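In the order they appear, the protein sequences are chains U and V.
Just add 26 to wherever you are in the first sequence, counting from 1, and you've got the numbering used here.
Just add 93 to wherever you are in the second sequence, counting from 1, and you've got the numbering used here.
Just so it is clear, CB atoms sit at the ideal spot from N, CA and C, and this is done for glycine as well.
These figures come from a predicted structure and were not determined experimentally.
Working notes, structure below.
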Amino acid sequence: MTTLDQTVADSTLTDPTPTNRTPTEAAATAAPAHGIPDPAVLVARRRPGHVLEGPFYTSPEIFALDIDAVYAKQWIFVATEPEIAEPGDYVTIDLGRYSVIVLRDDDGQVRALHNVCRHRGSRVLLEERGSVGNLVCGYHQWTYATDGRLLHAGEQPPEFDKACFGLRQVAVRTVGGLIFICLATSPPEDFDDVADRIEPYLAPHDLANTKVAAQVDLVEHGNWKLVMENNRECYHCEAGHPELTCTFFPTYGFALEDIPARLMPAHARYLKAGVDLARACDERGLPHAEIEELTDRSTGFRIQREPLDGAGESYTRDGKAACRKLLGDLDIPRLGRLSMHTQPNAWFHFQADHVVTFSVLPLAADRTLVRTTWHVHRDAVEGEDYDLDHLTEVWSRTNEQDGEFVARTQAGVSSPAFVPGPYSSSEYQVDALVTWYLQRLQEHLGR
Amino acid sequence: MTDMLQRLPAPEVAQQLTDDFDGLLTCVEITPITHDVTSFTFALPGGAGLIFAPGQYLTITVEVDGVQLERCYTISSSPAQPERPTITVKRSPDGPVSTWLHDQLRVGDVVSAAGPYGLFSTATHPARKVLFLSAGSGITPLMSMTRAMRDQALVCGSGSGLSGPGLGEPLDIVFVHCARTPDDIIFRAELEALAAGGLAAVTIICQDDSPQEVWQGPRGRLTLGALFAAAPDVLDREVFTCGPPRFMAAVAEHLTLIAADPARSHRESFVLDAGAPASERALSGTSHLVTFARSGVTVECDAATTVLATAASAGLRLPSSCQGGVCGTCKSTLLSGQVDMQQAGGIRQREIDEGKFLPCCSTPLGDLEIDA
Chain U
27 MTTLDQTVAD
37 STLTDPTPTN
47 RTPTEAAATA
57 APAHGIPDPA
67 VLVARRRPGH
77 VLEGPFYTSP
87 EIFALDIDAV
97 YAKQWIFVAT
107 EPEIAEPGDY
117 VTIDLGRYSV
127 IVLRDDDGQV
137 RALHNVCRHR
147 GSRVLLEERG
157 SVGNLVCGYH
167 QWTYATDGRL
177 LHAGEQPPEF
187 DKACFGLRQV
197 AVRTVGGLIF
207 ICLATSPPED
217 FDDVADRIEP
227 YLAPHDLANT
237 KVAAQVDLVE
247 HGNWKLVMEN
257 NRECYHCEAG
267 HPELTCTFFP
277 TYGFALEDIP
287 ARLMPAHARY
297 LKAGVDLARA
307 CDERGLPHAE
317 IEELTDRSTG
327 FRIQREPLDG
337 AGESYTRDGK
347 AACRKLLGDL
357 DIPRLGRLSM
367 HTQPNAWFHF
377 QADHVVTFSV
387 LPLAADRTLV
397 RTTWHVHRDA
407 VEGEDYDLDH
417 LTEVWSRTNE
427 QDGEFVARTQ
437 AGVSSPAFVP
447 GPYSSSEYQV
457 DALVTWYLQR
467 LQEHLGR
Chain V
94 MTDMLQRLPA
104 PEVAQQLTDD
114 FDGLLTCVEI
124 TPITHDVTSF
134 TFALPGGAGL
144 IFAPGQYLTI
154 TVEVDGVQLE
164 RCYTISSSPA
174 QPERPTITVK
184 RSPDGPVSTW
194 LHDQLRVGDV
204 VSAAGPYGLF
214 STATHPARKV
224 LFLSAGSGIT
234 PLMSMTRAMR
244 DQALVCGSGS
254 GLSGPGLGEP
264 LDIVFVHCAR
274 TPDDIIFRAE
284 LEALAAGGLA
294 AVTIICQDDS
304 PQEVWQGPRG
314 RLTLGALFAA
324 APDVLDREVF
334 TCGPPRFMAA
344 VAEHLTLIAA
354 DPARSHRESF
364 VLDAGAPASE
374 RALSGTSHLV
384 TFARSGVTVE
394 CDAATTVLAT
404 AASAGLRLPS
414 SCQGGVCGTC
424 KSTLLSGQVD
434 MQQAGGIRQR
444 EIDEGKFLPC
454 CSTPLGDLEI
464 DA
C-alpha cells in the first residue's frame with residue numbers, strides 16, 4: 027500500500043489541474059493510480075460536510091474493510107418474519123465472505139446460523155430461499171436441526187461428540203417483524219434500547235402477520251454507500267422521481283429557509299397534512315414524533331410517522347390505499363407513512379395498507395443488492411384486494427431511477443478527476459450517514 | 094344577515110333592529126385601549142339595535158374646523174350586542190378625524206354615521222377553521238369576528254369550546270397579531286384571555302420592546318416561518334387579513350408562495366383615515382386559458398404569471414428546478430399558443446423550433462395548450 031506522502035508526490039506529476047486547490051483536494055485526487063492511501067489517513071482527512079473521497083467507493087481494500095468494520099460488526103437488517111413464515115422456511119444472506127442462514131426453527135423461533143458446515147466447511151444451503159426439514163450438507167450429509175444442533179454425522183468414531191459441532195449461531199433479533207442479524211461475537215448492546223423505542227411505532231402494523239406480496243432484487247452498479255446516501259436525501263426527488271413525488275413531499279429534509287419558492291406549495295401541504303396526521307395519530311394512540319439518532323451510537327436510526335401528499339394513505343399515484351385490507355387493527359387508511367431507517371443498510375415505509383422494506387447488501391465495491399419487499403395483510407387476495415402492479419409501481423420505478431443515479435455516481439467517483447463536493451443543508455442525513463460510517467471505521471481501526 | 098338575526102340573544106330589542114342605518118349616533122362610552130387607541134361605543138336613536146356582520150364598518154362623518162369629513166371605521170364589538178356598536182380608533186397625528194374623535198368627542202355627543210357596509214366577514218365566508226392575520230389597528234374587524242364567534246357559542250350554549258354554525262364541530266381560530274411594541278398591542282388582555290380559555294390559538298409578534306417591557310414572544314414581522322409556526326395547516330383555513338398596506342402585501346406574497354386558494358383568502362385594507370377600504374381582492378388585468386392536455390386541466394393564467402406557477406396553482410407538479418430558464422428541467426411541449434419566454438440557456442433554438450418551451454420563464458401571450 028502506498029503511503030500518503032508518496033501519493034502526493036506522484037500527484038504533482040499526473041494531476042492536470044494543480045492550481046487553485048487546497049492541499050486536501052490535491053491529495054484527494056492523487057490516490058487511484060497507485061493504490062489507495064491508508065484508510066486511517068482517508069478517514070482522518072475527510073472534510074466535514076463533504077462527500078467521501080473516491081477510494082471509499084471504488085477500492086476493493088476499503089470494500090473489505092467495510093465488511094469487517096461495518097457489516098460484520100453492526101446490526102444488519104436482512105429479512106422480515108413473513109419471509110420465513112413457517113418452521114423450516116429460510117433465506118440465505120451473503121455479506122462479503124460470510125453466508126448466513128436465517129430461518130424459523132421447529133419451535134417457531136427466528137434463528138440465524140453460519141452457513142458453514144462444521145465438518146469441512148462446505149456451504150450447507152445453496153439456494154437463496156426455501157424450506158427444509160433438517161439442514162443437510164450436500165457434501166457428506168452432516169445433518170443439523172433447524173436450531174443448528176448436529177443430529178447426524180455418518181462414520182464418526184464413538185467418542186465423537188455431536189454436541190460440539192452444531193452450526194455456529196449468529197446473533198439475531200426481531201423487532202416489529204423485522205429481522206436483524208449481527209455477525210459480531212459481541213453485538214452492539216444499544217440495539218435493545220433502539221428496539222424498545224421503535225417497537226411501539228411498528229407494532230400497530232403487525233408486520234409479522236402480513237404476507238409477502240412481492241419481492242424485487244435490484245443489483246445497483248454502485249458502492250453500497252452510494253445507494254444509502256442516495257436514499258438519505260430528497261434533493262434529487264423533485265426532478266428524479268415523478269412517481270414518488272406524487273405523494274412523497276419533495277421538501278423532505280429541507281429547513282424552511284432553504285426551501286425553494288417553487289416547492290413552497292408542497293411544503294405548505296406537507297405542514298397541513300402533518301397537522302391532520304398528528305391529530306389522527308393522537309386519537310388512536312399511535313406514536314408519530316421524530317426520533318433521530320443517526321450518529322454517535324452503533325445502532326444509528328431515525329423514525330417518524332409522516333404525512334403523504336394526495337389522499338395521504340399510501341405510496342400510489344393518487345395517495346389512495348393500494349390494498350383494501352388494512353394492517354393490524356388500523357381503522358383508517360389515512361395514516362401517512364411510518365418511515366424508519368437504520369444505519370447502515372435499511373429503510374422502511376409502513377403504511378396502513380402495506381409495508382415496504384428495503385435491505386441493502388453489498389456485493390462488491392461497485393455492486394450492491396437492493397432487496398425491496400412489499401407486504402400486505404395476510405388475508406388480502408391478489409386481484410381482489412390489491413393489484414400487484416399498482417401496489418409495486420411507485421417504488422419499482424423509484425428504485426430503478428435511484429439505481430440509475432447510483433450507477434452514474436459510481437462512474438463519476440471512479441474518475442481520477444473526482445473531487446468531493448459539499449453537501450447541501452437538505453443532505454444532512456447523508457452527512458450523518460457518512461459520519462456514522464467513519465466513526466465505525468475509526469472504532470475498527472483503533473482496535 | 095338573516096342568520097345573524099336568528100342568533101341574536103335579545104328578543105326584546107328585535108322590534109328595533111336595523112341593518113341599514115343613516116343618522117346620528119350618540120357616544121355612550123369611551124374606553125382607552127392603548128396609549129393611542131380608544132374605543133367609542135354608541136347608541137342608536139330610541140335604543141334601537143344595529144344588525145351587522147362582524148368585520149363590517151361604519152362611515153362616520155364629523156365636522157372639523159367647519160369642514161365635513163367622512164371616514165370609515167370597522168366595528169370592533171360583537172354583533173351579539175347590537176345596541177352598543179363600538180368602533181376602535183387609533184390616533185393618527187396626520188388624521189383630522191381620528192384626532193377629533195380622540196380629543197373632542199365626549200360621552201353624550203353625537204356623530205353622523207351610516208352603515209354597516211362591507212363583505213369582509215366570517216358571516217360572508219363561513220368556515221370551521223379560520224386564520225386571522227392582523228397588524229396594528231387592523232385587528233378591529235378580526236376582533237369583532239372573534240367576539241362574534243365567542244358570543245355565538247355562549248348563546249348556543251354549546252358547552253365547552255366554540256361551535257360552528259351548523260357544522261357540528263368546534264370552531265378553530267388561529268389569531269396572529271403584529272404590533273410595533275408590547276405597548277401597542279390592541280386588545281392584549283382580551284387576546285390573552287382568549288388564548289388562556291382555549292378559544293383561540295393566539296400568536297403576538299412585536300417588532301421591538303417598549304420602554305417598560307422586554308417582549309418575550311416572537312419578534313420581527315410576519316414571516317412565512319412565523320406563519321407556518323402559528324398555523325401549519327394554513328391551507329386548511331379561511332384566511333382573513335387586515336392591516337397596513339405593507340403587511341397586506343407580505344401576507345399576499347406568503348399566501349401566493351404556498352399556493353393557498355385565493356378564494357379562501359379575504360382581506361380588508363385598513364388604511365387609517367384614508368377613506369373606504371379597498372375592494373376585497375385586487376383583480377388582475379389580462380388572463381388566458383392554459384390547458385394541460387394530458388392532465389385534462391384548464392386554468393386561467395394571468396398574463397404576468399408564469400406557466401409553471403399556474404400549473405402549481407392548479408395542483409399540477411411539473412418537474413422544475415431553477416425557475417429562471419437555466420436548467421431546462423421543466424421543458425415541456427407547447428401544443429398550441431404563444432408564450433413570452435425569458436430563458437437563460439436552458440433550451441436550444443432547435444428545441445424551441447420543435448415546439449418545446451420552459452414553463453418556468455414563460456408567460457402566456459394567448460390561450461395555451463400544453464402536453465403535460
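Residue environment, residue i, which counts as buried when at least 16 other CB atoms sit within 10 Å
i, result
"residue 186 of chain U", "exposed"
"residue 245 of chain V", "buried"
"residue 338 of chain V", "exposed"
"residue 165 of chain U", "exposed"
"residue 183 of chain U", "exposed"
"residue 254 of chain V", "Unreliable positioning characterises residue 254 of chain V in this predicted model, as indicated by a pLDDT of 48, which lies under 50. The coordinate reading is nonetheless provided below. By the 10 Å Cβ count, residue 254 of chain V comes out exposed."
"residue 141 of chain U", "buried"
"residue 126 of chain V", "buried"
"residue 190 of chain U", "exposed"
"residue 457 of chain V", "buried"
"residue 128 of chain V", "exposed"
"residue 273 of chain V", "exposed"
"residue 118 of chain V", "buried"
"residue 441 of chain V", "exposed"
"residue 314 of chain V", "exposed"
"residue 453 of chain U", "buried"
Chain U residues whose Cβ lies nearer than 8 Å to that of residue i
i, result
"residue 327 of chain V", "294, 297, 298"
"residue 416 of chain V", "286, 287, 288"
"residue 351 of chain V", "290, 291, 293, 294"
Sub-8 Å separation of residue i and residue j beta-carbons
i, j, result
"residue 193 of chain U", "residue 174 of chain U", "yes"
"residue 464 of chain U", "residue 72 of chain U", "yes"
"residue 427 of chain U", "residue 266 of chain U", "yes"
"residue 107 of chain U", "residue 200 of chain U", "yes"
"residue 347 of chain V", "residue 218 of chain V", "no"
"residue 346 of chain U", "residue 403 of chain U", "no"
"residue 169 of chain U", "residue 131 of chain U", "no"
"residue 400 of chain V", "residue 463 of chain V", "yes"
"residue 292 of chain U", "residue 275 of chain U", "yes"
"residue 473 of chain V", "residue 175 of chain V", "Absent from the model: residue 473 of chain V. The displayed extent of chain V is 94 to 465, so no value can be given."
"residue 459 of chain U", "residue 255 of chain U", "yes"
"residue 297 of chain V", "residue 279 of chain V", "no"
Listed by chain order, chain V residues near residue i by CB distance under 9 Å
i, result
"residue 210 of chain U", "Per Cβ cutoff of 9 Å: no residues; residue 210 of chain U is ~43 Å from chain V at best."
"residue 271 of chain U", "410, 412"
Residues sharing a beta bridge with residue i, DSSP
i, result
"residue 388 of chain U", "U/394"
"residue 222 of chain V", "V/265"
"residue 331 of chain U", "U/364"
"residue 434 of chain U", "The partner list for residue 434 of chain U (beta bridge, DSSP) is empty, contrary to what the question assumes."
"residue 271 of chain V", "V/228, V/298"
"residue 312 of chain V", "V/299"
"residue 306 of chain V", "V/303"
"residue 380 of chain U", "Bridge partners of residue 380 of chain U: none, in fact."
Partners in chain U for residue i, counting only beta-carbon separations shorter than 7 Å
i, result
"residue 343 of chain V", "Near residue 343 of chain V there are no residues of chain U at all, since even the closest Cβ is about 14 Å away, more than 7 Å."
"residue 146 of chain V", "Within 7 Å Cβ-Cβ: nothing; residue 146 of chain V doesn't reach chain U, min ~28 Å."
Listed by chain order, chain U residues near residue i by CB distance under 9 Å
i, result
"residue 321 of chain V", "282, 293, 294, 297"
"residue 315 of chain V", "None at all; the shortest Cβ gap to chain U is about 14 Å."
"residue 437 of chain V", "Residues of chain U passing the Cβ test: none, with the nearest at roughly 16 Å."
Proximity test, residue i beta-carbon vs the ligand HEM heavy atom, cut-off 7 Å
i, result
"residue 258 of chain U", "The ligand HEM is absent from the structure shown, which contains no ligands of any kind."
Proximal chain B residues relative to residue i, where beta-carbon distance stays under 7 Å
i, result
"residue 265 of chain U", "Structure shown: chain B not included; protein chains present are U and V."
Chain-ordered chain V contacts of residue i [CB-CB under 7 Å]
i, result
"residue 333 of chain U", "Here the premise fails: no neighbours, minimum Cβ distance about 11 Å."
"residue 268 of chain U", "412"
| query | Enumerated in chain order, which unbroken segments of the alpha helix (DSSP H) with a length of 4 residues or greater are wholly contained in the stretch 162-216 of chain V? | reply | Listed in chain order, they are 189-196.
| field | In chain order, each beta strand (DSSP E) run of at least 3 residues that lies wholly inside the stretch 177-249 of chain U | value | Runs of beta strand (DSSP E) with 3 or more residues, each lying fully within the stretch 177-249 of chain U, are found at 195-201, 204-208, 236-246, listed in chain order.
| message | To test your reading of the DSSP string, which unbroken alpha helix (DSSP H) runs of 4 or more residues are found completely within the stretch 84-164 of chain U? | response | Within the stretch 84-164 of chain U, the complete alpha helix (DSSP H) runs of at least 4 residues are 86-92.
| request: Please go through the stretch 387-433 of chain V and give each complete alpha helix (DSSP H) segment of 4 or more residues, from N-terminal end onward. | output: Taking 4 residues as the minimum length, the alpha helix (DSSP H) runs contained wholly in the stretch 387-433 of chain V are 400-406, in order along the chain.
| What are the start and end residues of each continuous alpha helix (DSSP H) run of 4 or more residues lying completely inside the stretch 281-359 of chain U, in chain order? | 290-310
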